[in-house]
Amino acid sequence: MRLLRHLATDDFKQRLASGELPIRVGPYIYNVQSNLPTVAAGIATLYADFRIAEPGDFVDYNVAIVHSGLLQRMQSKAKFLFDKRSPFNAIPAEQAYAFLEWGMNWCVSVHANEYLKLHAAAVSRGDRAIIMPGIPGAGKSTLCAALGLSGWRILSDEHAMIRPYTTQIIPLCRPVSLKNESIAVIKSFSSDAIFGPVSKETHKGVVAHMKADLQADCHDTQHLQASEMVFPRYARDEPQRLSPRRRTDSFILAAYHSFNYSLLCEAGFEAMKALIENVDCFDLVYHDLDWAVSAVNELPDRPSGL
Amino acid sequence: MSFLLQRILLEPRLVLELNNEQLNQLLSQARSARLLASLAHQLQHEAVDSQLSTTVSRHLQSAILIHEKQKKDLAYDIEKIKLVLDSISERLVLLKGAAYMLAELPVGRGRLITDIDILVPQQRIDEVEKAFKKNGWKSGYINNYNERYYRNWSHEIPPLTNGARGTTLDVHHNILPPTARPNINSNLFFDRLIEVKPGIFTLSWQDMVIHSATHLFHEGEFHHGLRDLWDMDRMLRDFPGRDPQFWEGLVSRAQELELQVSLFHGLSYTQQLFGTPLPEGIVEHTGNRSKSLHKPVMDFLFSRAFRPDHPQCKLPYTDLALGILYVRSHLLRMPLYLLLPHLARKAWMRLFEADGHSHESPKNKEI
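If you read the protein sequences in the order shown, they are chains A and B. My numbering numbers the first residue of the first sequence as 203 and each following residue consecutively. My numbering numbers the first residue of the second sequence as 123 and each following residue consecutively.
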């Protein structure tokens, strides 16, 4: 099994430039192409421990982020390509790395429907696996990164993929996307955090990605059984609390935060029901990251019974 | 010269002989051509999808789910659209994808849509627009130039979007712009409508084919070119069974509408790409009466346009061919004295104005 860091630097650069770099991410294979140095640097750092697929393997998503043509070079713009076509407008080249990661998210958000996909981070430790749905800005990525730096395995910071009618989470570990203040928060939380390129002035402000595969088993593809659903919310002026949450509310909120709950129709409802009925649900309101991590560490073993 | 997607659409069993790299190419081509769900449907129909590995078939399954969801949403949206038209006693006439899907025609199987197209009589267009705006539909943001373009030179009003559901509705009062050659009398379509569901109409089978061909050969961009030809193939295989007079009347109807040149191209390229069975001599019959004396040139251009927008499918001079077709479509659409300033303005907006051009956004589609 070959990891990306096993490739010689020249080989890596040549493969990336020519689009022959098939990377295994959970159940999928992304073939990545780029002629931008900042993207090469980001991938070399953040995907070093990812598995390279074999030449004969089926590639799920062909993605690229490239300068194409003289005009784009002059304007210092780059384009994200999926199947060699551009679904989006060109973006400033210095934001290329963030857009590659967004583009890779988009592939799964739009094209994969074999799982119920929740817009949620997911982490696991021992026999516990926690789904953390949240609107952008709720602090789910920050909490996910902090848990990853505290011994938890990061299953995803964007898509919690659930096999319908079960509580099985399919791991889809990719770099954690951190925005604005949360970058400094994580840097001061742990000196172990490894960051990729910083993209400034994106539509979400400053964005940097953190290496997510910090545990030895991060790239195992075996599913895990979800045990809890925690809804994190960063609130500076509220008392911190971890409190049980009703399943009915949790259902509605998780469905609202799903990419394909509505697309799956009745199957989506049944899948969500099977999940919610079998996990305990909590609200986590926090402003101190250390407190939030220890609260998750100490989640009660007993079913909350709601 | 055939390409992978074309071969597999016609002979689904061949998919079992493909290696993983070819399967990846097939799915990429199908996605680029917006034919992934159609391909999935073909494979399912021949029961070969279940013999593929799940890493491949999950993508096909996903496309089918998207299609199924669109079909459900369409049925709901159509009900709401019908209520609005009912309120001003106007009939609901569906065009293109929405018509194929709602009428449950074979051409609608696996068809994906981005918006709903309807046709209303030209003399009622203002009333229709008012009625929709009174009922929760609004025009999306377009700049002043594009707004003027729609109002003066287009065969549709600026797209309407449903505030609550996000559905896009294109309201047409004709199938070609008023500045186009030929100038079509759209009232002719209303004489032959088919009621496919209570109170829901489509064009007649013949007019559907003629419209599809016209749309295709007057269109300046070919993202959907192959998909539109696939539509024609499906219709031409299906409609003769619904109407025994289908073939007899097709050519004369096209002549009546002055659209025989488009029909000629449509029939000949559909047959060329998908081996569509046509009655003996019909292409020649259409062609003889058409003004199309430039067949070799057209073959050169269209053989390039009707391939998936994908590097593996690209023939030499594809960009040149697409450029020529882009200009051709505009020449068909409006006279030069209108066209030149328009193209200059479009180029300017594309380079310097953020809202001049946007990919895949139905609200900002190329005009």
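Quick reminder that beta carbons are idealized off the backbone N, C-alpha and C, glycines included.
- Between the beta-carbon of residue 374 of chain A and that of residue 412 of chain A there is about 16 Å, and that puts the pair past the 8 Å contact cut.
- When DSSP reads this structure, residue 427 of chain A sits in a beta bridge with A:370.
- Nearest to residue 329 of chain B by alpha-carbon distance, out of B:320, B:373, B:438 and B:402, is B:373.
- Exclusion of the five residues before and after residue 312 of chain B leaves 243 as the residues of its chain whose Cβ lies within less than 7 Å of its Cβ.
- Three or more Cβ pairs closer than 8 Å define a contact, and the segment 395 to 407 of chain A meets that threshold against the segment 288 to 299 of chain A.
- Identification of residues in the segment 464 to 488 of chain A having a C-beta nearer than 8 Å to some C-beta of chain B yields 464, 465, 466 and 467, given in sequence order.
- With fewer than 16 other beta carbons inside 10 angstroms of its own, residue 439 of chain B counts as exposed.
- Note that the segment 425 to 444 of chain B does not touch the segment 231 to 238 of chain B; fewer than 3 beta-carbon pairs, one per stretch, sit closer than 8 Å.
- The alpha-carbon separation between residue 306 of chain A and residue 361 of chain A amounts to approximately 11 Å.
- Under the DSSP definition of a beta bridge, residue 407 of chain A partners with A:404.
- Of the other Cβ atoms in all chains shown, fewer than 16 fall within 10 Å of the Cβ of residue 176 of chain B; this residue is therefore exposed.
- Around residue 323 of chain A, the same chain offers 334, 342, 346 and 359 as residues with beta carbons nearer than 6 Å, after the five sequence neighbours per side are excluded.
- In the structure shown, residue 446 of chain A adopts extended strand secondary structure according to DSSP, grouped into three states.
- With 16 or more other Cβ atoms from the protein chains shown falling within 10 Å of its own Cβ, residue 146 of chain B counts as buried.
- Between the segment 266 to 284 of chain B and the segment 348 to 361 of chain B, the count of Cβ pairs shorter than 8 Å is below three; the stretches do not touch.
- DSSP places residue 380 of chain A inside the beta strand (DSSP E), whose first and last residues are 378 to 381.
- The DSSP assignment places 263 to 268 and 279 to 284 as complete runs of the beta strand (DSSP E) inside the segment 249 to 304 of chain A, in order along the chain (cut-off: 3 residues).
- Contact of residue 188 of chain B with chain A by beta-carbon distance below 8 Å involves 315 and 465.
- Residue 233 of chain A is classed as buried because its beta carbon has at least 16 other beta carbons within 10 Å across all chains shown.
- Per DSSP, residue 346 of chain A lies in no beta strand (DSSP E) segment; the continuous alpha helix (DSSP H) that holds it begins and ends at 342 to 350.
- For residue 177 of chain B, the chain A residues whose C-beta falls within less than 9 Å of its own C-beta are 229, 230, 231, 259, 260 and 262, listed in chain order.
- Taking residue 173 of chain B as reference, the option from B:425, B:136, B:195 and B:269 with the minimal CA-CA separation is B:136.
- In the three-state scheme derived from DSSP, where H, G and I count as helix and E and B as strand, residue 142 of chain B is classed as helix.
- Taking CB atoms only, residue 245 of chain B has no neighbour in chain A less than 8 Å away.
- Looking only at B:210, B:319, B:254 and B:151, the smallest Cα-Cα distance to residue 226 of chain B is reached by B:319.
- Out of A:254, A:438, A:261 and A:332, the CA that lies nearest to the CA of residue 425 of chain A is found in A:332.
- The C-beta distance from residue 225 of chain A to residue 252 of chain A rounds to 5 Å, short enough to meet the 8 Å contact threshold.
- Excluding sequence positions up to five before and after residue 221 of chain A, its CB lies within less than 7 Å of the CB of 233, 235 and 266, all in the same chain and listed in chain order.
- Annotation: residue 233 of chain A is outside any alpha helix (DSSP H); the continuous beta strand (DSSP E) that includes it extends over 230 to 236.
- Runs of the alpha helix (DSSP H) lying entirely within the segment 274 to 332 of chain B, each at least 4 residues long, are 309 to 312 in chain order.
- Using a 10 angstroms sphere on the CB of residue 128 of chain B, the tally of other CB atoms reaches 16 or more, which defines it as buried.
- Between the segment 415 to 422 of chain A and the segment 458 to 475 of chain A, the count of Cβ pairs shorter than 8 Å is below three; the stretches do not touch.
- A distance of 8 Å or more separates the beta carbons of residue 138 of chain B and residue 149 of chain B.
- Here residue 310 of chain B really is in contact with residue 379 of chain B; their C-beta atoms are around 6 Å apart, less than 8 Å.
- A direct Cα-Cα distance of roughly 7 Å separates residue 464 of chain A from residue 470 of chain A.
- Its chain contains 388, 391, 392, 394, 395 and 416 as the residues whose beta carbon lies nearer than 8 Å to that of residue 351 of chain A, once the 5 sequence neighbours on both sides are disregarded; these appear in chain order.
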